[in-house]
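Structure first, commentary second.
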Amino acid sequence: MSSAVLNNTLIMNTVSSIYESEESLDNRSLYEMVASKLGVSLSDFQAPVGKSQTVRNLMTRKIRWAQQTLKIKGLLEQKSRGVWELLKTNKKDEYLHATIDGKMIIALSTDLGVSICADSRTVFASGVIDEPIHLTLTSSPYPIQKARAYGGESDMNAWLDMMMKTLEPIVERLAKGGSIVINLSNDVFLKGLPARSLYLEYFTIACWEKLGLYLMERGVWNSNKYPSPTQWACVKRYHAKSSYEPVLWFCNDPLACPADNRRILEEHTESHRQFVENGGMKYEYQHGDGAYRKRIGEFSKLSSGRIPNNSFYIPNNCLSGREVNQYAKELGLPVHSAKMPESLANRFVRHLTEEGQVVLDHYSGTGTTPEACELTGRRWFAIERVWEYVRQSFRRFDIHNIDYWVNPAFLAAQNEF
């Protein structure tokens with residue numbers, strides 16, 4: 001049992017973030033989600049308490065303390081017996097300032113890129129970005145029933161229309177062989193039913209029929225996300241726990257795409273190294289009715305690395321993300337609840353572009369994609385309409401000692417949107 005995770009502040013912040021991002025929760029679901037988010041097991045916190053040495057769960061006690069504190073502060077409201085949710089008057093979107101249509105302001109620039117506070121359609125209508133884009137990498141709002149603080153459409157058709165209108169001008173600026181990579185959710189359900197929406201399928205088809213984009217890959221990003229879907233896995237128990245999010249990769253000209261998996265090779269396992277050192281295959285082998293054959297002596301030379309799988313594990317939080325959260329709290333700004341980890345952005349930036357090529361993130365949030373571009377030598381444009389998120393993104397450049405210029409007009413513009 002790690003006493004570090006029983007820290008009152010850590011538990012309070014974790015409980016608060018879960019209530020911010022979820023619908024109504026019963027206590028059992030809350031316990032499981034907190035434990036999953038902290039990477040621990042509830043069973044590890046059973047311990048004797050008090051004079052009678054009665055066995056209690058120290059983690060659930062801390063969670064109930066945090067929940068009770070939120071109740072006392074008037075931040076939670078009861079929906080039914082044992083079920084609570086965050087009061088609507090406490091939602092973070094009331095403290096977010098998003099640019100209005102037609103308004104655009106440069107926030108920050110480095111030697112490699114520019115951050116713009118605006119709606120992406122405003123930026124492309126202005127002609128500010130006038131060079132070919134080799135990769136668009138983003139995590140867009142999902143069409144979930146309860147929108148996040150940063151907005152989005154809950155109706156599938158409205159969401160599809162929004163996505164097509166947003167992507168149309170970007171596709172027009174894609175370089176020959178340019179890619180679009182979008183992280184979406186597998187946990188979008190039909191209202192009131194334990195049945196998943198077909199929005200991913202409709203979106204994929206629309207990208208082909210309306211935008212002329214080829215589907216290159218359905219990547220599977222496994223992470224340490226907390227148990228979901230809450231209603232259908234934790235409360236009603238229909239589903240197994242969801243552990244992945246899809247990452248869709250599209251391209252306008254597959255044969256011209258600069259993708260190269262040699263840029264993201266992984267280290268060989270120790271067992272494979274020993275296999276190669278021992279001379280590789282020792283006998284003939286075939287399977288699949290002869291479709292796959294292995295001959296004596298194959299795999300006797302160690303290659304430069306292992307080709308990565310299209311299903312991969314990357315934790316959904318990272319050091320720079322935690323630094324950004326802390327920075328936001330120091331500035332008194334709302335924390336972004338769904339940041340992309342830097343390792344995920346880094347993987348696709350390296351895989352799909354060459355050094356010096358241009359990468360765009362038109363839902364940039366707190367700037368994960370620009371951070372990955374700075375670390376890998378790619379030029380970049382970041383577009384984000386929420387002032388508070390752009391302001392937090394500055395921290396990512398400080399972490400890596402990257403020189404940047406800040407527009408004083410941006411710093412003064414928070415209350416002008």
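Under the working numbering, the sequence shown has 288 at position 288, and the numbering climbs by one with no breaks.
The C-beta atom is built at its ideal place from N, Cα and C for all residues, glycine as well.
The alpha helix (DSSP H) spanning Ala125 covers which residue range? For the purposes of this step, residue 125 is identified with residue 125 of the sequence shown, where counting begins at 1. Its alpha helix (DSSP H) spans residues 120 to 126.
Would you mind listing the beta strand (DSSP E) stretches within the segment 39 to 95 that are 3+ residues and don't spill past its ends, in chain order? 46 to 49, 54 to 57, 76 to 80, 83 to 86
Would you say the segment 326 to 343 touches the segment 277 to 284, given that touching needs at least three Cβ pairs under 8 Å? no
Beta-carbon within less than 8 Å of Glu267's beta-carbon, same chain only, minus the 5 sequence neighbours each way: which residues are those? As a position in the sequence shown, residue 267 is number 267, starting the count at 1. Excluding residues within five positions, the ones whose Cβ falls inside 8 Å are Gly305, Arg306.
Evaluate the contact criterion for the segment 16 to 34 versus the segment 59 to 74: three or more CB pairs, one atom per stretch, below 8 Å. yes
Is the beta carbon of Cys373 sitting closer than 7 Å to the one on Val390? Position 373 of the sequence shown, counting from 1, holds the residue named residue 373. Position 390 of the sequence shown, counting from 1, holds the residue named residue 390. No, the Cβ-Cβ distance between Cys373 and Val390 is not below 7 Å.
Contacting residues, own chain, Cβ-Cβ under 7 Å from Arg263 (five flanking each side not counted): The residue labelled residue 263 in the question sits at position 263 within the sequence shown. Excluding positions up to five away in sequence, the list reads Arg350, His351.
Pro132 - DSSP class collapsed to helix/strand/coil: Numbered from 1 along the sequence shown, position 132 holds the residue referred to as residue 132. Coil.
How many whole angstroms separate the CB atoms of Val181 and Trp249, which I take to be in contact at a CB cut-off of 8 Å? Looking up residue 181 in the sequence shown gives position 181. Looking up residue 249 in the sequence shown gives position 249. Correct: roughly 5 Å between the Cβ atoms.
Helix, strand or coil for Leu353? Go by DSSP, reduced to three states. As a first step, residue 353 must be located in the sequence shown, where it is residue number 353. Sequence inspection shows Thr at residue 353; the Leu mentioned does not correspond to that position. The three-state secondary structure of Thr353, taken from DSSP, is coil.
Can Ile116 and Ile100 be called in contact, C-beta distance under 7 Å? Residue numbering aside, residue 116 sits at position 116 when the sequence shown is read from its first letter. Residue numbering aside, residue 100 sits at position 100 when the sequence shown is read from its first letter. Their beta carbons are not under 7 Å apart, which means Ile116 does not touch Ile100 by this criterion.
What is the residue span of the alpha helix (DSSP H) that Val358 lies within? As a working mapping, residue 358 is identified with position 358 in the sequence shown. Taken as a continuous stretch (DSSP letters only), Val358 belongs to no alpha helix (DSSP H), being part of the beta strand (DSSP E) at 358 to 361.
At a cut of 8 Å, does the segment 38 to 53 reach the segment 238 to 257 through at least three beta carbon pairs? Judged by Cβ distances under 8 Å, the segment 38 to 53 makes no contact with the segment 238 to 257, as fewer than three pairs qualify.
Is the segment 160 to 173 touching the segment 120 to 133, taking contact as three or more C-beta pairs under 8 Å? The answer is yes - the segment 120 to 133 touches the segment 160 to 173, with three or more Cβ pairs under 8 Å.
Beta-carbon contacts of Gly377 that lie in its chain and below 8 Å, excluding the five residues immediately before and after: Along the sequence shown, read from residue 1 onward, the residue named residue 377 stands at position 377. Taken in chain order, the residues that qualify are Leu112, Glu355, Gly356.
Are there three or more Cβ pairs, one per stretch, closer than 8 Å when the segment 196 to 204 is compared with the segment 267 to 278? Flag = no, the segment 196 to 204 and the segment 267 to 278 do not touch.
Here's the rule I'm using: 16 or more other beta-carbon atoms within 10 Å means buried, otherwise exposed. How should Tyr150 be labelled? The residue labelled residue 150 in the question sits at position 150 within the sequence shown. A caution first: Tyr150 carries a pLDDT of 45, below 50, which makes its placement in the model unreliable, though a value can still be read off. Burial state of Tyr150 is buried, judged by a 10 Å Cβ sphere holding 16 or more other Cβ atoms.
Below 7 Å CB to CB, which residues in the same chain sit around Ile402 once its five sequence neighbours on both sides are set aside? Along the sequence shown, read from residue 1 onward, the residue named residue 402 stands at position 402. Taken in chain order, the residues that qualify are Thr110, Glu374.
Boundaries (first-last residue) of the alpha helix (DSSP H) holding Glu267: Residue numbering aside, residue 267 sits at position 267 when the sequence shown is read from its first letter. Per DSSP, Glu267 belongs to no alpha helix (DSSP H) and is neither H nor E.
CB-CB under 7 Å to Asn317, same chain, minus the five flanking residues each way: which ones, in chain order? The residue given as residue 317 occupies position 317 in the sequence shown. The residues are Pro341.
Would you tell me roughly how many angstroms separate the C-alpha atoms of Asn407 and Gln392, rounded to the nearest one? Within the sequence shown, numbered from 1, the residue matching residue 407 stands at position 407. Within the sequence shown, numbered from 1, the residue matching residue 392 stands at position 392. Each residue's Cα considered, the two are about 14 Å apart.
What are the boundary residues of the alpha helix (DSSP H) that Gly305 is part of? By 1-based counting over the sequence shown, the position of residue 305 is 305. Run containing Gly305: none; DSSP gives neither H nor E here.
Would you decide whether Asp361 is buried or exposed? Buried here means 16 or more other CB atoms lie within 10 Å of its CB. Counted from its first residue, the sequence shown places residue 361 at position 361. With 16 or more other Cβ atoms within 10 Å, it is buried.
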